[in-house]
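The numbering used here puts the first residue of the sequence shown at 832, with every later residue one more than the last.
Here's the structure, in structure tokens; my notes come after.
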Amino acid sequence: YGKPCKYQREGGSIPVVQLFDQVLQAPTVLMGFGLANENAHSPDEHFALENFRTGIQAAVRFYHYVAE
């Protein structure tokens with residue numbers, strides 16, 4: 832998206848992420864691709880296809896980076 836990454840050290844709506852780090856000693860990365868105006872978890876929730884495609888590209892690049 833042409834902007835710096837936001838680092839957030841909490842699981843947010845997925846609090847088990849912190850347990851992965853503590854119990855399993857497995858670092859976890861959550862990547863969000865939705866925008867605030869897409870109204871996640873609301874009756875009129877939607878997800879733009881452009882964000883879906885960008886998310887796929889980001890995930891592929893992330894896996895490539897981690898594999899190096």
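Note that beta-carbon positions come from the ideal geometry of N, C-alpha and C, so glycine has one too.
- DSSP places ILE845 in the coil class of the three-state scheme, outside both helix and strand.
- Put simply, the backbone Cα of LYS837 is about 20 Å away from that of PHE878.
- With fewer than 16 other Cβ atoms inside 10 Å of its own Cβ, VAL891 counts as exposed.
- Counting the other CB atoms within 10 Å of its CB gives VAL860 a total below 16, which places it among the exposed residues.
- Distance from the Cα of GLY886 is smallest, within the candidate group LEU866, PHE851, GLU876, LEU855, for LEU866.
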